[in-house]
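Report on the following structure.
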Amino acid sequence: MYWLISLMTLGLVGLVLTGIYLEMRPDAVARGRRWHRPAIAGNLALFVIAQAALMILGAQEAMANPAVEAAMQGEMSVGMGLALIGAGIPTAFSTVGAGIAVGPIGAASLAAVAEKPEMFGRTLIYLGLAEGIAIYGLVVSI
280 MYWLISLMTL GLVGLVLTGI YLEMRPDAVA RGRRWHRPAI AGNLALFVIA QAALMILGAQ
340 EAMANPAVEA AMQGEMSVGM GLALIGAGIP TAFSTVGAGI AVGPIGAASL AAVAEKPEMF
400 GRTLIYLGLA EGIAIYGLVV SI
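For the sequence shown, this note's numbering assigns the number 280 to the initial residue and increments by one for each residue that follows.
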């Protein structure tokens, strides 16, 4: 199990280091060196494969434990599982929607504040309204 976690960590470190290098040296991409695409794809594939293997092996190990099997007898029904999924879906969609809304609003508010600094308070209100979408989803889930 620890070797899978090491592979996941190695994949993430490779992705982060490639991103930092490309951020620090954007001219390397412009000069025609195309090594970054296979590096990113390889590190991402390493991470995803290690994550999938960890989920499969971890689930098998947890189910093989007799204490877990005894605790799971009759406590969770299909209806309760569907209810929990139904409570989580509004939160998930509302936070994704809030993230999609905050991006353009934040960019526009920065442009507006750069031209007129006295607009700062108004732009914060717009950002708060966009972020309120996530709070509405959380309230529905609760």
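Positions of the beta carbon are idealized from the N, C-alpha and C atoms, including for glycine. What you are looking at is a predicted structure, and each value in this text was computed from that prediction instead of being measured.
Alpha carbon to alpha carbon, how far is residue i from residue j?
{"i": "residue 373", "j": "residue 291", "result": "28 Å"}
{"i": "residue 335", "j": "residue 329", "result": "10 Å"}
{"i": "residue 360", "j": "residue 418", "result": "20 Å"}
{"i": "residue 414", "j": "residue 337", "result": "33 Å"}
{"i": "residue 315", "j": "residue 306", "result": "13 Å"}
{"i": "residue 327", "j": "residue 287", "result": "8 Å"}
{"i": "residue 388", "j": "residue 319", "result": "33 Å"}
{"i": "residue 403", "j": "residue 282", "result": "46 Å"}
{"i": "residue 408", "j": "residue 285", "result": "42 Å"}
{"i": "residue 412", "j": "residue 310", "result": "43 Å"}
{"i": "residue 333", "j": "residue 391", "result": "47 Å"}
{"i": "residue 295", "j": "residue 356", "result": "41 Å"}
{"i": "residue 410", "j": "residue 358", "result": "32 Å"}
{"i": "residue 401", "j": "residue 381", "result": "14 Å"}
{"i": "residue 323", "j": "residue 367", "result": "27 Å"}
{"i": "residue 375", "j": "residue 304", "result": "31 Å"}
{"i": "residue 398", "j": "residue 302", "result": "31 Å"}
{"i": "residue 396", "j": "residue 313", "result": "42 Å"}
{"i": "residue 377", "j": "residue 363", "result": "22 Å"}
Taking residue i as the reference, give the member of the options with the closest Cα.
{"i": "residue 385", "options": "356, 406, 412, 289", "result": "406"}
{"i": "residue 293", "options": "304, 283, 325", "result": "325"}
{"i": "residue 321", "options": "302, 289, 332", "result": "289"}
{"i": "residue 420", "options": "391, 370, 399, 383", "result": "370"}
{"i": "residue 365", "options": "399, 390, 416, 404", "result": "416"}
{"i": "residue 317", "options": "401, 397, 376, 298", "result": "298"}
At which residue ranges does the segment 284–336 contain complete alpha helix (DSSP H) runs of 4 or more residues, listed in the order of the chain?
306–309
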